[in-house]
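Have a look at the structure below before the remarks.
In structure tokens form, the structure reads like this:
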């Protein structure tokens, strides 16, 4: 038989109101009383009735984060920050690995989560997002990244056209003339890779020096192994490539390993630039130049816009962090 | 006003039992009915009463995973597998970042989670574990790693004495004579680093060739930056070190970067070996030799022992994966 609030109150020798005060983190409870209540909770293995609390307070205190793969450094860093920032705001964070086609905040059996807030940072096509409209999810869903959601859902992202454009301009400025892009996805309805490729093409098009573009075959996933594989195929077909833009640092680290195994010198023969600014890029060889932005600012903004129900897209600034893979000097 | 089961049933034109059958994943519901029910759930934003389900089924379907830091590759890989394997078993996974001193399955406000299962993979001293006994947590808690919990809680781990011993024997066998260990922790009550150091010392002690031991200062965290820092201090004090055992691959990658910046050749001048077998070790320069074990097997075993309430510790096998940081040949 599960312990009730009443059991806890009786065991601790306090009123039910005092127990709920402790559970809700009220400060007016004395330390010794709080200790007694927590000890009774522990002893009786009491678990608060989440649904009952939900009726009282209108919230469950659960936040669902949806990412494609927690093992990918960008997403694990994001998740670490969401758990930390969520904890500061008394949220417990449920992590789901999946995409929009599999449902949002939903387990595989069609059960909806109890989440008060859903932060979505996985793959979603514009069509899938449109189909979400019918639900009442809108009030608690926020997109992390650039998606086709303007006017439908809150979102906090970066300008991926500018990311692709700036990275390409950087390589052109350093003298690259045959520049490849790695990270396009076969599901071309995903906005982020598509916008980066558009920026890449735009920068090449307007370059008076006429550098050549090679868009590598679509990647199946953003892993080091996939970057390694794609780079080998790319350089087998186009050994004259002298600059590579990777749409994630993780892909770039695989590209660096492939170039090393091919005895291609970076940055002397080929310059490589990534996106995301993950910590690993400061320690790989050569260290990795990357288009970076502030993940903590993204998460903080997400809490704000979902609370304010703001449909105005938040676009965070990005910057290029220069390291050895483009410049031969060791940066930060 | 929150939607009820009854609202969903009425809206979908089915019985309440049919709705619960859909929610519980029963197969006897036709596809078209299931679709109608899920659509009504979405339209009404119905959220199942978790506590009510708990009373009916005796479970909430929530699993709590406690790790020190989700941004660390070992723990993000572990979390990714727990979320995946949990999903296969209809669990939603709450991730907490913290240690035992902060409470287990508890938020900062003393609210207990609803978790049916708690998988603990963070720092815990023997004393802290003893103090858990009073609670009724025992029936749903499993430790991932080596902890002082024999006879108290289920656990699945590796033999960390053997890990330290085997890694040291490997370096001795390759000719290292002045071997340092990086990864001891100042909170020496944590069993894992302590046991690895004991294995390291034992291997050195029994070596007829009398290699010299240097235990580096305790690390504050298992990051690349900390490995980099500790390695610089270590080699400033003991430039004659010719072998380094790191208690995590992440520390080892920082050590490799420090040695590179000091123009020390790996493995020619210094051989480096890590622990954990993270993917990054296959792509860093030089590639990293590591004492590895099967994380998926660890998670699968954890589900089994917590279900069986087995207090017999499960000790998984480990093996050394040989790569360039010890052997000058590129391995897998």
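Residue numbers (the numbering used here), protein chains in the order written: chain H, 1 to 332; chain A, 333 to 664.
Even for Gly, the Cβ is constructed at its ideal location relative to N, Cα and C.
Please read all numbers here as calculations on a predicted model, not as lab measurements.
Interface residues of chain H facing residue i [CB-CB closer than 9 Å]
| i | result |
| --- | --- |
| residue 401(A) | 80 |
| residue 589(A) | 282, 283, 284, 285 and 287 |
| residue 556(A) | 279, 280, 282 and 283 |
Beta-carbon contacts of residue i that lie in its chain and below 6 Å, excluding the five residues immediately before and after
| i | result |
| --- | --- |
| residue 418(A) | 395 and 425 |
| residue 439(A) | Because residue 439(A) sits at a pLDDT of 42, beneath the cut-off of 50, its placement in the model cannot be relied upon, and the following sentence gives the value as read from the coordinates. So the list is empty, once near-sequence residues are dropped. |
| residue 443(A) | At residue 443(A), the pLDDT of 44 sits below 50, so the modelled position is not reliable and the matter cannot be decided from this model. |
| residue 344(A) | 368, 369 and 372 |
| residue 483(A) | 643 |
| residue 638(A) | 449, 474 and 486 |
| residue 633(A) | 488 and 646 |
| residue 313(A) | Missing from the structure shown is residue 313(A); chain A here goes from 333 to 664 and no further. |
| residue 618(A) | 598, 656 and 657 |
| residue 566(A) | 512 and 548 |
| residue 231(H) | 255 and 258 |
| residue 361(H) | Residue 361(H) lies beyond the residue range present for chain H, which begins at 1 and ends at 332; the question has no answer from this structure. |
Listed by chain order, chain A residues near residue i by CB distance under 9 Å
| i | result |
| --- | --- |
| residue 77(H) | 402, 403 and 408 |
Chain A residues whose Cβ lies nearer than 7 Å to that of residue i
| i | result |
| --- | --- |
| residue 254(H) | 615 |
Contact set for residue i: own chain, Cβ-Cβ below 8 Å, skip 5 residues either direction
| i | result |
| --- | --- |
| residue 412(A) | none |
| residue 223(H) | 72, 250, 251 and 254 |
| residue 529(A) | 496, 513, 516 and 547 |
| residue 75(H) | 67, 68, 69 and 121 |
| residue 6(H) | 16 |
Neighbouring residues, chain H, relative to residue i (Cβ below 8 Å)
| i | result |
| --- | --- |
| residue 429(A) | 80, 83, 84 and 87 |
Chain H residues whose Cβ lies nearer than 7 Å to that of residue i
| i | result |
| --- | --- |
| residue 426(A) | 92, 93 and 94 |
Neighbourhood of residue i by C-beta distance below 7 Å, restricted to the same chain and skipping five residues each side
| i | result |
| --- | --- |
| residue 109(H) | Summary for residue 109(H): the model assigns pLDDT 38, below 50, so the residue's position carries little reliability; its value from the coordinates is reported in the next sentence. Excluding positions up to five away in sequence, the list is empty. |
| residue 148(H) | 126, 129 and 191 |
| residue 361(A) | 350, 353 and 354 |
| residue 99(H) | 68, 122, 123 and 124 |
| residue 347(A) | 341 |
| residue 365(A) | 346 and 350 |
| residue 3(H) | 44, 45 and 46 |
| residue 429(A) | 399, 400, 401 and 402 |
| residue 552(A) | 558 |
Counterpart residues of residue i in DSSP-defined beta bridges
| i | result |
| --- | --- |
| residue 462(A) | Answer is none; residue 462(A) lacks a bridge partner. |
| residue 616(A) | Its beta-bridge partners do not exist; DSSP assigns none. |
| residue 651(A) | 624(A) |
| residue 274(H) | 290(H) |
| residue 151(H) | DSSP output for residue 151(H) lists no bridge partner at all. |
| residue 395(A) | 425(A) and 449(A) |
| residue 489(A) | 647(A) |
| residue 475(A) | 452(A) and 487(A) |
| residue 517(A) | 551(A) |
Residue i at chain D interface by Cβ criterion, 8 Å
| i | result |
| --- | --- |
| residue 463(A) | Although the question refers to chain D, the structure presented lacks it and instead comprises the protein chains H and A. |
(message) Within 8 Å, do at least three Cβ pairs link the region 298-313 of chain H to the region 177-191 of chain H?
(response) no
(request) Could you please tell me which residues of the region 588-611 of chain A, in chain order, have their CB closer than 7 Å to any CB of chain H? (result) 589, 592 and 611
(request) Inspect the CB distances between the region 543-558 of chain A and the region 483-495 of chain A and report whether three or more fall short of 8 Å. (result) no
(message) Is it the case that the region 447-455 of chain A contacts the region 472-479 of chain A, given that we only count it when at least three CB pairs across the two stretches are under 8 Å?
(response) yes
(request) Could you tell me whether the region 209-219 of chain H touches the region 262-273 of chain H, using the rule of 3 or more Cβ pairs below 8 Å? (result) no
(request) Report yes or no: do three or more beta-carbon pairs, one from the region 591-598 of chain A and one from the region 626-638 of chain A, lie closer than 8 Å? (result) no
(message) Taking 8 Å as the cut-off, does the region 498-513 of chain A touch the region 566-580 of chain A (at least 3 CB pairs, one atom from each stretch)?
(response) yes
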